[in-house]
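I have placed the structure first, in the form of structure tokens, so that the comments after it can refer back to it.
In the numbering used here, the protein residues as written are 3 to 198.
Right, here's the structure in full:
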């Protein structure tokens, strides 16, 4: 089977496994199910889960073809590469059969070394998703605008989550007046805040 290429997106260091014995792409969803007193259960929501990918292969001290290093230091450099990925740095995996998988993080990477001076690779990756905040103005044309933050998931993304610090918001605890528009705006705000 054609080898996989793994690139650390932060350092751009790339490794090609000597051989790839098998690869598995796992695509799954979670389906919510609610029982009712009579009749069939209600299924009302489907949530796509992050993809996971596993690679089984070999990295040796004596690779065939072009390699960045040979000899005992090759296994040490491979171990250092995996340690970098284990800190949560995203990577890109290029597979002949599955194409390009972006925003993947390393979940597990055992490193057994046998008497043939190679290591059997059994890597587990999972796709990352980043949540960002959007300011939504729920207030009508009144003197006080009602704002809140609504979260959404962006897929796929090319950066790790970062703390952007405190976001400016307006105090909405004061009296909004008695108009019908303000009552509707207050009800909408309560609805949005109930999700948090």
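We put the beta carbon where it would ideally sit given N, CA and C, even for glycine.
Remember, it's a predicted structure, so these values are computed and weren't measured experimentally.
Would you call residue i buried or exposed, if buried means 16 or more other Cβ atoms sit within 10 Å of its Cβ?
i: residue 82; result: exposed
i: residue 38; result: exposed
i: residue 105; result: buried
i: residue 123; result: buried
i: residue 98; result: exposed
i: residue 44; result: exposed
i: residue 72; result: exposed
i: residue 18; result: buried
i: residue 147; result: Any reading at residue 147 must be qualified, since the residue scores a pLDDT of 45, below 50, and its modelled position is unreliable; the value itself is stated next. Residue 147 is exposed by the Cβ-count criterion.
i: residue 87; result: buried
i: residue 157; result: Confidence is the limiting factor: at residue 157 the pLDDT is only 49, short of 50, which leaves the residue's position unreliable, though a coordinate-based value still follows. Exposed, because fewer than 16 other Cβ atoms sit within 10 Å of the Cβ of residue 157.
i: residue 193; result: exposed
i: residue 40; result: exposed
In the DSSP assignment, find the alpha helix (DSSP H) that holds residue i and state where it starts and stops.
i: residue 75; result: 74–87
Where does the unbroken beta strand (DSSP E) through residue i begin, and where does it stop?
i: residue 25; result: 21–28
i: residue 116; result: That residue, residue 116, is in no beta strand (DSSP E); it is neither H nor E in DSSP.
i: residue 46; result: 44–50
i: residue 36; result: 31–36
i: residue 14; result: Unbroken run through residue 14: none, as it is neither H nor E.
i: residue 109; result: 101–110
i: residue 57; result: 54–62
i: residue 6; result: Neither: residue 6 is in no beta strand (DSSP E) and is coded neither H nor E.
i: residue 130; result: That residue, residue 130, is in no beta strand (DSSP E); it is neither H nor E in DSSP.
i: residue 94; result: 93–97
Between residue i and residue j, which are expected to be in contact by the criterion C-beta below 8 Å, what is the C-beta distance as a whole number of angstroms?
i: residue 51; j: residue 34; result: Not quite, the Cβ-Cβ distance comes to about 13 Å (not below 8 Å), so this is no contact.
i: residue 20; j: residue 65; result: 5 Å
i: residue 63; j: residue 120; result: 7 Å
Apart from the five residues on each side of it in sequence, which residues of its chain come closer than 8 Å, Cβ to Cβ, to residue i?
i: residue 16; result: 7, 8, 9, 10
i: residue 114; result: 121, 122
Using a Cβ-Cβ cutoff of less than 6 Å, which residues in the same chain neighbour residue i once the five nearest sequence positions on both sides are dropped?
i: residue 12; result: 91
i: residue 163; result: Annotation note: pLDDT 44 at residue 163 (below 50); position unreliable, no value reported.
i: residue 109; result: 126, 128
i: residue 56; result: 26, 126
i: residue 80; result: 61
i: residue 22; result: 3, 5, 6, 59
By Cβ distance, which residues of its chain are closer than 7 Å to residue i, with the 5 residues on each side in sequence left out?
i: residue 14; result: none
i: residue 112; result: 124
i: residue 48; result: 31, 33
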